[in-house]
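The next block holds one structure in the form of C-alpha cells; read it before the comments.
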Amino acid sequence: MKNVENNAKLIHNDKGEYPLSSGQKGLWFLHQINPLSARYNVPVTFKITNDLELTDLEKLLNVFINRHTLMHSGFYLRNGQPIRKILTKARINLDRVDVSLLSYKELCQNIKKQTESAFDLQQAPLLRASVLDGYKSSRILLLVFHHLVFDGASLKLLIDELNLIHQAINAETTDLPALAFDFHDYTEWQQQWLRSEDSQPSQQFWLQQLAGEIPRLQLPLKKNGTAQETIRGEVKKFAVSSHIREKFQQLATEHKCSEFLLWLMAYFAFLSRYTLQKDIIIGNPYMGRADSRFDKIIGFFANIAPIRCQFNQPESFLQLLNRNKDNVYNSLFHGDYPIEELISQLQLPNQKADELLFQTAFVWTQAAEINKIENNSLGLEVL
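Printed below as a string of C-alpha cells:
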C-alpha cells in the first residue's frame, strides 16, 4: 500500500500556481460573497457492498487525492486574481458514524448536516468523507466535494479511479498509469480558445440570442413572507408512464429529432402555460469537455447554456417544436462558450448573474449508466 501511495505522489508533484478556468472563477467569486454557504457542495453517496476495511478505504482515498493535482490544491488570491496552488501535502481522514439506531428520517438529517458544512478554499482537499455504519446492517460512504474540483461527469471517473487504485493495491503493484493531462492543461486550452478567432462565432451567437431585455420567469409561487435566499428546497419525484415515453420516442423518430429536444420543448410549453409568458430562458447544464483529451480528468468542467424560446400565438406543439429545433441545436453546438464570459460581456452583476439569465434549469441525464462499471472490485453502488 505504501508503494502505491508514493507512486501516486510522484505522478504530479508540482508546487506551481495556475489560473482558474472561467467556470472556477465564477464559483470562487460567489464563494467570496458568502463563504459560509454550502450552495456549491456536491454530495455523493455509495452503498459499500463488500467487506472492505475502513482503514484501507481511507488509504485508497488518499492515493486518489494525491494522484490528481486538483484534489490537492488550494485556492488563493494573488495580485487581485484568484489562483490555484498545488500543495505538496493533502490528506483526508475517513470518519465513521454509527447510525444503527437512526430512523430513515434521522439518517437523511445526518447526511444533510454533513453536506451543508462550508469549505475553506485554501485548505486541500476540498473533500470530506465519512462512512455511515449500521443502518439496516449496511454501510454508506458519503463524499462531499466542493464544486470547484468536481462535477457530475466526474462521478463515473471517480468510481473508475477508485477501482483502478484498489486493483493496484490488491495486485501489490506500483504501476498506476500516468495521467496524460491535468486540469491546468484544460484551463490553458480554454484561455487560448477564448483569445482565438475560433471562439468568435460562439460569442456572437450568444450575444445575438440574449439581445434585448432578458425575460424573468414569473412562476405563480406562494410567497413565504421573507426575501432571504436559502439553498433549501424540496424534491418532487414522479415517473412518466412507459406508454407516454413510447409516444415521445415515436414522435422523435417521426420528426427526426432527439428525445431530449421533445422533453425540453414540453417543459418550455409547460412553463409558458403556467406563466402566460411568451419569451422564456431555461438553463441547460452542459458537460463542457469540448476536447476529448480532457474526458478522463476529474474537475469542474460543467457549463450552462441559456436556451431561449419565444412563442407565437396561436401555435401547436409541433409547430413550436419545428420552429425552435434549429435554435436549440445551435445553442448546444455553442454550449462550450463559458457562461461567465457571457455574463461579463452582457454586463450583468456577477452576484446575481445566473438568476438574471434564467430561474429554472432542465437536466437530462442517463443515470442508469453510472453504475455500469467494469471490474467494480470495490463494490461501490451509487445511491
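Residue numbering for the sequence shown follows this note's numbering, beginning at 496 and increasing consecutively.
By construction, the Cβ of each residue, glycine as well, lies at the ideal position given by its N, Cα and C atoms.
This structure is a prediction, so every number in the text was calculated from the model and none was measured.
Boundaries (first-last residue) of the beta strand (DSSP E) holding residue i
i, result
"T550", "Unbroken run through T550 is the alpha helix (DSSP H), L549 to R562; no beta strand (DSSP E)."
"E810", "Counting along the chain, E810 falls outside any beta strand (DSSP E), and DSSP gives it neither H nor E."
"F570", "S568 to R573"
"R534", "Taken as a continuous stretch (DSSP letters only), R534 belongs to no beta strand (DSSP E), as it is neither H nor E."
"V492", "Outside the modelled stretch of the chain, which goes from 496 to 878, sits residue 492, for which no answer is possible."
"Q576", "Q576 to I581"
Distance, residue j Cα to residue i Cα
i, j, result
"N879", "E611", "No answer is possible for residue 879: it lies beyond the span of the chain, which begins at 496 and ends at 878."
"C603", "D693", "47 Å"
"L878", "L756", "28 Å"
"Q576", "I709", "29 Å"
"D628", "L815", "52 Å"
"N817", "D646", "33 Å"
"F796", "N825", "20 Å"
"K446", "Y513", "Examination of residue 446 is not possible in this model, given that the chain is present from 496 through 878 alone."
"K791", "L652", "7 Å"
"E835", "V537", "20 Å"
"K554", "L671", "15 Å"
"H642", "K820", "32 Å"
"L843", "L851", "8 Å"
"N822", "L714", "24 Å"
"F733", "W859", "15 Å"
"V594", "S625", "12 Å"
"A585", "C752", "48 Å"
"R562", "L596", "37 Å"
"L556", "R591", "14 Å"
"K742", "R768", "22 Å"
"K631", "S872", "23 Å"
"H507", "E754", "Low confidence applies to H507: its pLDDT is 41, below 50, so where it sits in the model is not reliable, and the reading given next is rough at best. Looking at the two C-alpha atoms, the distance is approximately 42 Å."
"Q686", "S839", "15 Å"
"N665", "L547", "12 Å"
"G728", "I776", "21 Å"
"L486", "K542", "In the structure displayed, the chain extends from 496 to 878; residue 486 sits before or after that span and is not available."
"K600", "K607", "11 Å"
Proximity below 9 Å, CB of residue i to CB of residue j
i, j, result
"S560", "A648", "The displayed chain sequence assigns Ile, not Ser, to residue 560. Taking 9 Å as the Cβ cut-off, I560 and A648 do not qualify as a contacting pair."
"F857", "L759", "yes"
"S516", "Y681", "yes"
"R634", "Q854", "no"
"L638", "V558", "no"
"L875", "L636", "yes"
"H829", "F700", "yes"
"F640", "L657", "no"
"G521", "G783", "no"
"P833", "L650", "no"
"H567", "T583", "yes"
"W684", "F789", "yes"
"L837", "Q695", "no"
"L616", "F570", "yes"
Enclosing alpha helix (DSSP H) for residue i [first to last residue]
i, result
"R711", "Per DSSP, R711 belongs to no alpha helix (DSSP H) and is neither H nor E."
"E512", "That residue, E512, is in no alpha helix (DSSP H); its beta strand (DSSP E) goes E512 to P514."
"I834", "I834 to L841"
"Q493", "Only positions 496 to 878 of the chain appear in this structure, which leaves residue 493 out of reach."
"D593", "That residue, D593, is in no alpha helix (DSSP H); its beta strand (DSSP E) goes L589 to D593."
"K742", "S737 to E749"
"R690", "F678 to R690"
"K608", "Y599 to T610"
CB contact check: residue i to chain D, cutoff 9 Å
i, result
"Q609", "Annotation note: the requested chain D is absent from the structure, which comprises a single protein chain."
Complete alpha helix (DSSP H) runs within the segment 616-672 (minimum length 4 residues, chain order)
649-665
Validate contact between the segment 803-820 and the segment 673-688 using beta carbons, cut 8 Å, 3 pairs
no
What are the uninterrupted segments assigned as alpha helix (DSSP H) that are 4 or more residues long and contained completely in the segment 757-811, given in chain order?
none
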